[in-house]
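K.L.:
Going down the list, the sequences are from chains A and B. Everything in the first sequence is counted per the numbering used here, starting at 5 for the first residue and increasing by one. Everything in the second sequence is counted per the numbering used here, starting at 5 for the first residue and increasing by one.
Number of protein chains: 2
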Amino acid sequence: MLISPLIQNLMAALKCLPGVGPKSAQRMAFNILERNRDAGLRLSALLQEAIHKVKNCESCRILCEETICRLCSHHGRDRSILCVVETPADVLALEQAGGYRGQYFVLMGRLSPLDGIGPDAIGMGLFQERLKEGHIKEVILATNPTVEGEATAHYIAELVKARNIRATRIAHGVPFGGELEYLDGGTLARALLARLVV
Amino acid sequence: MLISPLIQNLMAALKCLPGVGPKSAQRMAFNILERNRDAGLRLSALLQEAIHKVKNCESCRILCEETICRLCSHHGRDRSILCVVETPADVLALEQAGGYRGQYFVLMGRLSPLDGIGPDAIGMGLFQERLKEGHIKEVILATNPTVEGEATAHYIAELVKARNIRATRIAHGVPFGGELEYLDGGTLARALLARLVV
Chain A
5 MLISPLIQNL
15 MAALKCLPGV
25 GPKSAQRMAF
35 NILERNRDAG
45 LRLSALLQEA
55 IHKVKNCESC
65 RILCEETICR
75 LCSHHGRDRS
85 ILCVVETPAD
95 VLALEQAGGY
105 RGQYFVLMGR
115 LSPLDGIGPD
125 AIGMGLFQER
135 LKEGHIKEVI
145 LATNPTVEGE
155 ATAHYIAELV
165 KARNIRATRI
175 AHGVPFGGEL
185 EYLDGGTLAR
195 ALLARLVV
Chain B
5 MLISPLIQNL
15 MAALKCLPGV
25 GPKSAQRMAF
35 NILERNRDAG
45 LRLSALLQEA
55 IHKVKNCESC
65 RILCEETICR
75 LCSHHGRDRS
85 ILCVVETPAD
95 VLALEQAGGY
105 RGQYFVLMGR
115 LSPLDGIGPD
125 AIGMGLFQER
135 LKEGHIKEVI
145 LATNPTVEGE
155 ATAHYIAELV
165 KARNIRATRI
175 AHGVPFGGEL
185 EYLDGGTLAR
195 ALLARLVV
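1) Identify every run of the alpha helix (DSSP H) within the region 115-147 of chain B, keeping only runs that are complete inside it and at least 4 residues long; order them along the chain.
2) Is G23/B close to chain A, meaning its C-beta is less than 8 angstroms from at least one C-beta of that chain?
3) Checking contacts by CB at 8 angstroms: is R83/A closer than that to chain B?
4) Beta carbon of L75/A, beta carbon of Y104/A: below 8 angstroms?
5) Residues bridged to R173/A by DSSP?
6) Determine, for N35/A, whether the minimum Cβ-Cβ distance to residues of chain B falls below 8 angstroms.
7) Using C-beta distances below 7 angstroms, list every residue in its chain close to A29/B, excluding the 5 sequence neighbours before and after it, in chain order.
8) Using a Cβ cut-off of 8 angstroms, pull out every chain B residue sitting near L86/A, in sequence order please.
9) S28/A touches chain B at which residues, Cβ-Cβ below 7 angstroms?
10) Rounded to a whole number of angstroms, what is the C-alpha to C-alpha distance between I7/B and V95/A?
11) Quick one: using the 10 Å Cβ neighbour count with 16 as the cut-off for buried, is N60/A buried or exposed?
12) Which residue from N40/B, K27/B, S63/B and R39/B puts its Cα closest to that of E133/B?
13) For A171/A and R194/A, I'd like the C-alpha separation in whole angstroms.
14) Applying a beta-carbon distance threshold of less than 8 angstroms, which residues of chain A neighbour V58/B?
15) So the candidates are E185/B, N168/B, L163/B and A157/B; which of them puts its Cα closest to the Cα of A175/B?
16) Could you tell me how far apart the beta carbons of L67/B and L47/A are, in whole angstroms, since I believe they sit closer than 8 angstroms?
17) Jot down the residue ranges of each uninterrupted alpha helix (DSSP H) in the region 12-95 of chain A, minimum 4 residues, whole runs only, in chain order.
18) Got a sec: is the Cβ-Cβ distance from Y125/B to anything in chain A below 8 angstroms?
19) Give a yes or no on whether the C-beta atoms belonging to G113/A and L86/A are separated by under 8 angstroms.
20) With a threshold of 8 angstroms between beta-carbons, can C64/B be considered close to chain A, or not?
21) Put G190/A into one of helix, strand or coil per three-state DSSP.
22) What are the partner residues of Y108/B, as DSSP defines its beta bridges?
23) What number of angstroms, rounded off, separates the C-alpha of M32/B from the C-alpha of R41/B?
24) Could you list which residues in chain A have their beta carbon closer than 8 angstroms to that of C20/B, in chain order?
25) Assuming L10/A contacts V201/B (C-beta within less than 8 angstroms), just tell me the rounded distance between them.
26) Give a yes or no on whether 8 angstroms exceeds the smallest Cβ distance from L111/A to chain B.
27) Given a cut-off of 8 angstroms, decide if G127/B and R65/B are closer than it, judged by their beta-carbon atoms.
28) DSSP on L163/B, reduced to helix/strand/coil?
29) State the DSSP-derived secondary structure class of E183/B, mapped to helix, strand or coil.
30) Closest by CA to L21/A, which one among L51/A, A43/A and A198/A?
31) Count Cβ pairs between the region 179-188 of chain A and the region 142-152 of chain A that sit closer than 8 angstroms; are there 3 or more?
32) What residues of chain B sit near R194/A, judged by a beta carbon separation below 9 angstroms?
33) Let me know the secondary structure DSSP gives T156/B once reduced to three states.
34) Would you say E133/A reaches chain B, if we count a Cβ-Cβ gap shorter than 8 angstroms as a contact?
35) For G23/A and L45/A, what's the separation of their Cα atoms in angstroms?
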């Protein structure tokens, strides 16, 4: 082999990053070794530290190094509304959109029986405990509009309604800036079904 | 801030990788922490090991963990031809193209007086020693056809010719598969100037 084994191993390890193929991995490895060694060492140290210290918040399951995350311990958030999302990235997207002042519950996945992901894997035990606390008046289901996301939302809605708590689903329809001409049929059909009186 | 400091620092560190912006860094950090922790630890360890162990080959300056790289110590390579390139990635590209059986010298950069990169920074001391060994009959200059690459090739050609060794430059012209219509004027002008009798 032309490249030395250690550099080859580094390239292979870089390919574990999402969106990084053989060519990008090669470029990254050479870039670090040629002129970015300090940044590479910092990245190595932070990867290790983050992997060892970052856990799930014991209240909402989001990734954080604290026991209870900043959002859950924030006094300004409305504790009567709980928004259920699949991933921490979804929380970021909703927070960046602004307007929501309640709390979150992060499933860290979605129900997927074929992959062996059942209610335990998406934290339903902790979720039931949250519901039992008694101050939650509404649960907003903001899982993705995929088959598995819909099934997950349906499953959680049943749990919520069994405790006489209001369960709502975020609206699905034509996105702002989207053109009807280029929209898929499923979204259009849903937008028609869910039409509102103006 | 919404994201915990440690995850934010990890995202910032990931941005040191070429081609990684804020959004990719976020995706990479969450991907590793959510479901790729083993791969992340392996990447962290390999980054550290490679940065500490990978040096420049003492014969051709390519990146490797050995004192003399595999190409330089390979008995099947023609030691009378030396191909000068800017980076290790250029060596890979030439080897993948096939056909070249000589040895390499990797500048690890190019002359760039404005950035303070002089002959020492591109290993001209070692290069002169290689020339002194006496078995080199031809030096192929394969630096990039940029202003700095051309200047570097010109500088090295003078060193080589001063020792009565043949200096050649790789051909520049219309690339295979390229269409004249879309080619830049500089390349076309060069292709015309360097035309060959058929």
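Every residue, glycine too, gets a C-beta built ideally from N, C-alpha and C. From a predicted model like this one, the values you see are computed outputs, not experimental measurements.
P.N.:
Based on what the coordinates show:
1) 128-136
2) yes
3) With 8 angstroms as the cut-off, R83/A does not count as an interface residue toward chain B.
4) no
5) L145/A
6) yes
7) M15, L18 and K19
8) In chain order: nothing, as chain B lies at least about 17 angstroms away.
9) G23
10) 10 angstroms
11) Buried, because 16 or more other Cβ atoms sit within 10 Å of the Cβ of N60/A.
12) Nearest option by C-alpha distance: S63/B.
13) 19 angstroms
14) S8, L10, I11 and L37
15) A157/B
16) L67/B to L47/A, Cβ: 18 angstroms. No contact.
17) For the region 12-95 of chain A, whole alpha helix (DSSP H) runs of length 4 or above, ordered along the chain, are 26-39, 41-57 and 74-77.
18) Inspection of the sequence shows that residue 125/B is occupied by Ala rather than by Tyr. So, not an interface residue.
19) no
20) no
21) helix
22) DSSP, once it has assigned bridges, lists C87/B as partnering Y108/B.
23) M32/B and R41/B: Cα-Cα distance of roughly 11 angstroms.
24) I36, N40, A43, G44, R46 and L47
25) The pair is not a contact, with the Cβ atoms about 49 angstroms apart (cut-off 8 angstroms).
26) So, not an interface residue.
27) yes
28) helix
29) coil
30) Taking L21/A as reference, the option from L51/A, A43/A and A198/A with the minimal CA-CA separation is L51/A.
31) Touching, no.
32) Those do not exist, as R194/A stays about 27 angstroms from chain B at its closest Cβ, beyond 9 angstroms.
33) helix
34) So no, E133/A is outside the interface.
35) Taking the straight line from one Cα to the other gives about 22 angstroms.
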